[in-house]
Structures are given as structure tokens and as C-alpha cells.
Amino acid sequence: MTLLALNKPFGTICQFSPHPTRPTLAECIDLPDVYPAGRLDADSEGLLLLTDDGRLQARIAEPERKLPKTYWAQVEGAYDEAAVARLRGGLDLGDFVTLPCEAREIPEPAHLWARNPPIRYRASIPTHWLEIKLVEGKNRQVRRMTAAVGKPTLRLVRVAIGPVDVFSLNLAPGQWCELPQQILTLSGQRSRRPSR
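Residues in the sequence shown are numbered from 19 upward in steps of one, following this note's numbering.
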């Protein structure tokens, strides 16, 4: 059984088969028979777990398993506590209602890697950062949630899945490392060093 953690770069799509215009996971990981446990949109970046074990893949990806995923979102506009409270309570996005989640403002992350290309900068429109922790993961959910409360997401980084976080693994974009399977059940366990 193999379990990998990858810091997925911005612009990379979550597939191994070639794509005509975008980089794929094959450009980051050259191991056979591993597949993403969940997805990250091409325009999102950060932690992605991959495995060759179908049961573990389901455990990581399925919302019923309640393995929380933590995101940092740089959003447009000034901080608004009422908007964040709406995020916490669950939102009707038309095709589904989100589960309640944890959401809070965080300072701009000083230790976050630079995005390539950088987000657009507009001097007249402020931005701020939110930390959002979900136990579900519908398509473009965080982006749709922040847009629904009037705070479009400019940059989205998944920083943790359960007890696994991209910073304690010390993974730069495109780097990956192998993890012990037990890390998903043991919080506070030290992870291995990056392989690339």
C-alpha cells in the first residue's frame, strides 16, 4: 500500500493521462498505479493525497468519513464577519446546501510560497485571507461558497487533509513524499522528508 502527499502546483490538473494544454500529475509523480484521493481544481493548489489502495482512497475522499480538509482562500474585498458567519452556517448553492463548516479570518500567510503566475493586483480593491475547514468536497465548493457571500476567491490553497499538512511535510509546489498509512489515524505523528 502506497500513500503519497503532493503539493499540487497551480495550473496542474488532477489526472495522469496527457492533456493538450495543461500540465498533469504525471509531471510531478512518476510512480505507477497511484491515483488521487479526491481532487483539486487546476486553479487551486496545495495538498493532494494519492494512493494505490482503493479503500484508503475512498476513506480520504468520501464526506461520510468526515476527514476534514483545510483551505486558505485569498478573497476579494474587506473582511466581513457577517459573510464569514454565513459560510459557517451552511449555504444554499442552488444544486446543494453545504454542511456547516469552520471559517475564520487569518493573517496573510508569510510562509506561503509565491504563486506562479501571481494573482492580479488591484490597488483599489482590498483582499484578505480566510481559513475554511470542510468535511465535504463538492466541485469548486470553496470558490462557490465565497462567491455566494460576495467574496470571490482569488487564490485557493489546500493546506491540510486530516492531520496531514503541507507545511510540516516541507513540500514545495511539485514536490511529493511517501507517508505511513497510519498518519491518517494518528494526529501529531511526524512525517517523512520530501522525496523530490
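The beta-carbon is built from N, C-alpha and C at its ideal position, and this holds for glycine as well.
Asked                                                                                                    : Found
Proximity of Pro-191 and Pro-27 at Cβ, strictly below 7 Å                                                : yes
Close beta carbons around Gly-95, own chain, < 6 Å, minus the five adjacent residues each side           : Lys-169
As assigned by DSSP and simplified to three states, the class of Leu-242                                 : What the structure shows of the chain is the stretch from 19 to 214, and residue 242 is not part of that stretch, so it cannot be assessed.
Whether Ala-91 touches Thr-39 by CB criterion (7 Å)                                                      : no
Alpha-carbon spacing of Leu-49 relative to Ser-35, whole angstroms                                       : 13 Å
Neighbourhood of Gln-75 by C-beta, 7 Å cutoff - its chain only, sequence neighbours within 5 removed     : Tyr-53, Ala-55 and Thr-69
Proximity to Asp-59 [Cα-Cα], best of Arg-161, Ala-165 and Ala-178                                        : Arg-161
Cβ-Cβ separation, Leu-197 to Val-182 (assumed contact under 8 Å), whole Å                                : 7 Å
Alpha carbon of Pro-125 to alpha carbon of Thr-88, nearest angstrom                                      : 15 Å
Selected residue, minimal CA-CA separation from Asn-134, among Arg-173, Ile-179, Arg-104 and Met-19      : Arg-173
N-terminal and C-terminal residue of the beta strand (DSSP E) that Glu-94 is part of                     : 87-94
Neighbour-count burial assignment, Gln-199, 16 or more Cβ in a 10 Å radius                               : exposed
Cβ-Cβ distance between Val-177 and Gly-64 below 7 Å                                                      : yes
Alpha carbon of Thr-42 to alpha carbon of Ala-165, nearest angstrom                                      : 27 Å
Thr-39 (DSSP reduced to helix, strand or coil)                                                           : coil
Euclidean distance between Cα positions of Arg-77 and Leu-85                                             : 8 Å
Option in Ala-141, Cys-119, Asn-157 and Leu-187 with minimal Cα separation from Cys-32                   : Asn-157
Proximity winner among Ile-179, Ile-47, Asp-61 and Ile-150, relative to Cys-119 (alpha-carbon distances) : Ile-150
For Leu-21, the three-state DSSP class (helix, strand or coil)                                           : strand
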